[in-house]
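The structure appears below as structure tokens.
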Amino acid sequence: MVLDYSKWDKLELSDDSDIEVHPNVDKKSFIRWKQRDIHEKREQAKFRMLQLELNIETNEDLKIRINKLIKAANEGRKIGLNIEDDVKLSQEGETKLQPAKATSPEQPRYTDMIESMLLQCVSDGSSQEKIITKLHDNLKMIESALKDESKELQTLQEEKKKHITAEDMHTGWDSTITSNSKPKQTPSQPSSSSQTATSSKKIDSNSTSTSGSGSSTSSKVTTIETLNSPSAPPKPRVNEDGLEELLPQTKEFGELPKEAWEQDFNFMMRYPFIVTEGQKDALTMSAFEYELAGDTEHTERVVWNSTLIQLCLHLGRDGTKVFYKNIIIPNSPARKMFEETVLATYTHIQNRCKILAAEHENEEAEETIQLRSVDPDVELLVRIPEEGSEGYKIYESFSKEAKEAIDAHSLDALNEVLGKMSIEDAEDFVGKLGDSGVIQVESKIYEPEEFEAKRETALEQAPTIDDVD
């Protein structure tokens, strides 16, 4: 009778007796290393399959949305004029905001991915033909990735089926037997030998015995001490606008130089809590501050590092490792996509800061301080302080243009000088004018005829009873 052993083919057996090692290598250690290597490779394959399933689902959904944009562009729609409307168009009829296989709430939404892609397409003010070409290029890149990832996933799944693991084991059947036995009675008093035989820590639950019974109950307590217990990640504060504030670790990450791949990777693995949507936005906002201050080099560095966080988020769980595995390859699609995203983001920040700076200059130009009398019967006079006085010392500290206006006793000339100053400098200058006595307030003295004419004019302009009614 021929025995069929094929059912055992999937068992991964190890016959330790057949292993031959070098005399200087411990055989038991070698066996443990081999077992550990098997388990590590199995875990890596398991994680890779989860990552591929997520990528395939994401790319399939993105493919549907990009096809909608291409179809709309072919029908005459101007893509890129209003990115927000284009994102809404791609989302029409779709119910999923994120991949169903997403393993983290920080997983980017499809709307964010489409918006990022459109920003890259219109970053350099391309024409509609170029935008449509870029959409087709993105579609081809996604289709190519789908093909490669599907093939790799199929290979890993077939390899997994070749061996039986603990995950494949399941309960065939089980049974439960219930017996109504009486509970055992505890001895009235435990012997001293049984108490001393246990080396574990014991706590007496009845420290004082009652007069009727001398028994006591002991419980065994096992104390577990954890070494190097990791502390909870810091929770960022939220400002009045509902945005997260920049954590010190995130700010330090933004200071790292560009293309320091190993340094960036080690930092993100050490502080994984900075790889969130909120911290990415906070770091990007700090780039606006550097750009407004004229620190272009610092702005580029912060944009570079915030884009690293953004793309690691797009890859979901363990996206940092997956991203850096591909980004370090020169001229790879991942490197090209990263550099295009950095350029698009920096260009957007640069243009936006120019607009903000122009608006700020216009506001400052509109806000000026002028010397005017509120009361029409009061006149402001410009006088030169007496030489040798404290006021004259202040007068000597004025600029040449200001002293010329004072020497001309011209209030209009002084107002022209004030109009060229900032608000802070103008306020300080007006204070010095008052302290030095350059500006004096005097009441107007009218001639009788002039006063009567002024009074009649005021009476004519006063409202009558009919006007009030």
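For the sequence shown, the numbering used here gives the first residue as 2, with consecutive numbering after it.
All C-beta atoms, glycine included, are put in the ideal place defined by N, C-alpha and C.
Nearest-angstrom Cα separation, counted from residue j out to residue i
| i | j | result |
| --- | --- | --- |
| E256 | I385 | 55 Å |
| E301 | E44 | 38 Å |
| K79 | G94 | 21 Å |
| G389 | F399 | 16 Å |
| E428 | L419 | 9 Å |
| V303 | L284 | 7 Å |
| F430 | E380 | 20 Å |
| L90 | A146 | 24 Å |
| E41 | F254 | 31 Å |
| P331 | A358 | 37 Å |
| N327 | L316 | 12 Å |
| K162 | Q155 | 11 Å |
| E58 | I178 | 47 Å |
| E130 | I370 | 53 Å |
| H299 | A288 | 8 Å |
| L4 | R37 | 33 Å |
| E341 | L157 | 32 Å |
| T112 | E402 | 59 Å |
| V442 | D426 | 23 Å |
| K236 | C313 | 20 Å |
| T134 | E54 | 28 Å |
| N56 | I424 | 56 Å |
| E85 | M269 | 31 Å |
| L63 | K72 | 14 Å |
| S117 | G81 | 12 Å |
| L228 | L51 | Unreliable placement is indicated for L228, whose pLDDT of 41 sits below 50; the coordinate value is still reported in the next sentence. Cα to Cα, the separation comes out at about 32 Å. |
| D27 | H164 | 28 Å |
| Y447 | N416 | In this prediction, Y447 has a pLDDT of 47, which is less than 50 and means its spatial position is unreliable; nothing more can be read from the coordinates. |
| N352 | S307 | 18 Å |
| E150 | G77 | 34 Å |
| C354 | A345 | 14 Å |
| K322 | E263 | 11 Å |
For residue i, three-class secondary structure by DSSP
| i | result |
| --- | --- |
| L381 | strand |
| E245 | strand |
| V88 | helix |
| H23 | coil |
| R49 | helix |
| F399 | coil |
| A409 | coil |
| I71 | helix |
| P273 | helix |
| Q371 | coil |
| D429 | helix |
| P258 | coil |
| I57 | helix |
| L4 | coil |
| H164 | coil |
| T251 | helix |
| E263 | helix |
| E44 | helix |
| K421 | coil |
| I65 | helix |
| I178 | coil |
| K391 | Residue identity check: residue 391 is Glu in the sequence provided, not Lys. Correct three-state label for E391: helix. |
| S210 | Caution is warranted here: a pLDDT of 40 is assigned to S210, below 50, making its placement in the model unreliable, and the coordinate value is therefore given only provisionally. Coil. |
From the options, residue whose alpha carbon lies closest to that of residue i
| i | options | result |
| --- | --- | --- |
| L140 | K69, Y393, V123 | K69 |
| D296 | I350, S124, E362 | I350 |
| V123 | T348, I329, G279 | T348 |
| V439 | E425, E387, M422 | E387 |
| E278 | H299, N83, I330, T251 | T251 |
| F339 | E391, K259, E298, L147 | K259 |
| Q108 | A335, A359, I310 | I310 |
| E362 | D38, M422, F266 | M422 |
| E360 | L293, S307, Q280 | L293 |
| I67 | Q280, V383, E245, H137 | H137 |
| L248 | R33, P273, K433, N83 | P273 |
| D436 | A335, H410, K394 | K394 |
| D83 | Q280, L120, T96, Q99 | A quick correction: the sequence has Asn, not Asp, at residue 83. It is L120 whose Cα lies nearest to the Cα of N83. |
DSSP beta-bridge partners of residue i
| i | result |
| --- | --- |
| I440 | V383 |
| V239 | E245 |
Proximity test, residue i beta-carbon vs the ligand GDP heavy atom, cut-off 8 Å
| i | result |
| --- | --- |
| K326 | The ligand GDP is not part of the structure shown, which contains no ligands of any sort. |
Complete alpha helix (DSSP H) runs within the segment 73-156 (minimum length 4 residues, chain order) | 84-92, 111-122
Secondary structure, alpha helix (DSSP H): runs of 4+ residues fully inside the segment 272-360 | 278-293, 297-315, 320-328
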